[in-house]
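Each residue of the sequence shown is one higher than the last, beginning at 1051 in this note's numbering.
Note sheet for the following structure.
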Amino acid sequence: MQFEKHFLKLGCLFCSLIGISLIYFSSLLEQPKEVSISELNADMVGFSATVVGRISKVRFHQDGHVFLTLTDGRNVVQVPLFASFLKASSIDISKLKVGAEVLVSGTVDVYKSQLQILPRKTNDLQILGG
1051 MQFEKHFLKL GCLFCSLIGI SLIYFSSLLE QPKEVSISEL NADMVGFSAT VVGRISKVRF
1111 HQDGHVFLTL TDGRNVVQVP LFASFLKASS IDISKLKVGA EVLVSGTVDV YKSQLQILPR
1171 KTNDLQILGG
């Protein structure tokens, strides 16, 4: 009887580890959905998205963060670039100027009632031109 309980626990642990591994690896394969800034909405919160837009506002924070506002000419989205992200990336922040065109991938979120895209990987922000 003791052997059966031990075997059952090991079986449950094994199945759990397999399930968690499958979820993890499938998340690595997830490609962000390419949308326009105007198509972003609250239903997309928590999902990955890629947008292209022009920088309409840049704000530098004393702690090393940079906050971008992107526009497609009709709507805007906020893009916070935290200091840790900027350190890990090779982004030349001097190129983050009003009018520069950028491509941003990341997780859609809401902060203070405004949609934002949070880049996660160092290649999630690309400066296309300016």
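Beta carbons: idealized from backbone N, C-alpha and C, even for Gly.
These figures come from a predicted structure and were not determined experimentally.
In the three-state reduction of the DSSP assignment, residue 1122 falls in the coil class. Rounded to whole angstroms, residue 1086 and residue 1068 show a C-alpha spacing of 37 Å. Residue pairing by DSSP places residue 1100 opposite 1084, 1155 in a beta bridge.
For residue 1178, the uninterrupted beta strand (DSSP E) segment begins and ends at 1175 to 1179.
Separation of residue 1176 and residue 1116 (C-alpha to C-alpha, rounded to the nearest whole angstrom) is 15 Å. According to the DSSP assignment, residue 1165 belongs to no alpha helix (DSSP H) but to the beta strand (DSSP E) extending over 1164 to 1168. Per DSSP, reduced to three states, the secondary structure at residue 1060 is helical. Taking all protein chains in view, the Cβ of residue 1174 is crowded by 16 or more other Cβ atoms within 10 Å, so the residue is classified as buried.
Relative to residue 1114, the option among 1099, 1148, 1132 whose CA is nearest is 1132.
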